[in-house]
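Once you know that position 16 of the sequence shown is 79 in the numbering used here, the rest is easy, because the numbers rise by one and skip nothing. Reviewing the structure listed below.
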Amino acid sequence: IRWALSHEPEPLTSELAYEFTWEAATDRFLKASSITWREARQREKLGRSKLDERIAWLHYELGKGSKGDKIRKVLGAGPVSNQFKYQIERDAADLFVASTDNDDEGAEASSEDEGEGLPRKFQMS
């Protein structure tokens, strides 16, 4: 530790610096996750492509709605676990904004003064 604290690190080469970028990470991910046509045919012969489709459908269905929120919360997603609840609240706020916009079309200039120039949908958030 003393040596590391007392010496400057060697500068990274451009190739090594590239390896630490998001672009390189994405390239590695795509390479690792891709399959060849031959592998796809083998999976289809073994019936695994149908299994993959069923797993994808199950994953999609479990993640929908309030049950998806509950599953995300149990699995430790933290603040992002309430995605469905958030979307419902945003939709309700948008409906409220739309209904108030239709009710007082002539009062738009005075409402902008109250919100300090912000559009009405941003005044609600």
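C-beta: ideal position from N, C-alpha, C; glycine also.
- Just so you know, the alpha carbons of residue 138 and residue 119 end up roughly 18 Å apart.
- With at least 16 other beta carbons inside 10 angstroms of its own, residue 132 counts as buried.
- Between the segment 133–152 and the segment 111–118, the count of C-beta pairs closer than 8 Å stays below three; the two stretches do not touch.
- Between residue 88 and residue 81, the C-beta spacing is not below 7 Å.
- Residue 113 and residue 100 have their C-alpha atoms roughly 16 Å apart.
- The alpha-carbon separation between residue 155 and residue 85 amounts to approximately 37 Å.
- Between the alpha carbons of residue 68 and residue 74 lies a distance of about 16 Å.
- Under the three-state reduction of DSSP, residue 152 is assigned to helix.
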